[in-house]
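Peer 1:
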Amino acid sequence: MKTYNKGYVFEQAVKSKLETDGWMVIRSAGSKKPDLIAARNKKIIIIECKSTKQDIIYFDEKEVKNLKKTASEFGAECLFAVKKNHLKNWFLVGLEALEKTKNKFKILLD
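Just add 1 to the spot in the sequence shown (first one is 1) and you have the working numbering.
(1) Flag this pair as yes or no: are the beta carbons of L37 and R28 separated by less than 8 Å?
(2) Where does K51 fall in DSSP's three states?
(3) Pick helix, strand or coil for L80, following the three-state DSSP scheme.
(4) Between the stretch 69-78 and the stretch 99-111, do at least 3 Cβ pairs fall closer than 8 Å?
(5) Using three-state DSSP, classify K66 as helix, strand or coil.
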């Protein structure tokens, strides 16, 4: 499966689960960020979806900065839906899960 298709399938899985849990969810098509914006009971969350073969997912500083800015504009919480490609389960983590490296951020998936 091509990278775009894998990303789309993962985003749809996250969107579907959130909708099942009572969230209203909008997906940004293409490479626009954030991937998902969801609202429930006057709470808004923005979600960036990432999957990898590795035990670590990296985010560019600019990407994290833009997500934080978008979250601030919406009065929203910024979350990341992360998973390893070969596993079915995924999980949501907040900004506190990000670890700073020299010029990126990372989330450990172990």
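Backbone N, C-alpha and C define an ideal beta-carbon position, used for all residues, glycine too.
Peer 2: Judging by the given coordinates:
(1) On the sequence shown, residue 37 is found 36 positions in, with the first residue counted as 1. On the sequence shown, residue 28 is found 27 positions in, with the first residue counted as 1. Closer than 8 Å, so yes.
(2) Counting from 1 along the sequence shown, the entry for residue 51 is found at position 50. Correct three-state label for K51: strand.
(3) Numbered from 1 along the sequence shown, position 79 holds the residue referred to as residue 80. L80: strand per DSSP, three-state reduction.
(4) no
(5) Walking along the sequence shown from the start, residue 66 turns up at place 65. Helix at K66.
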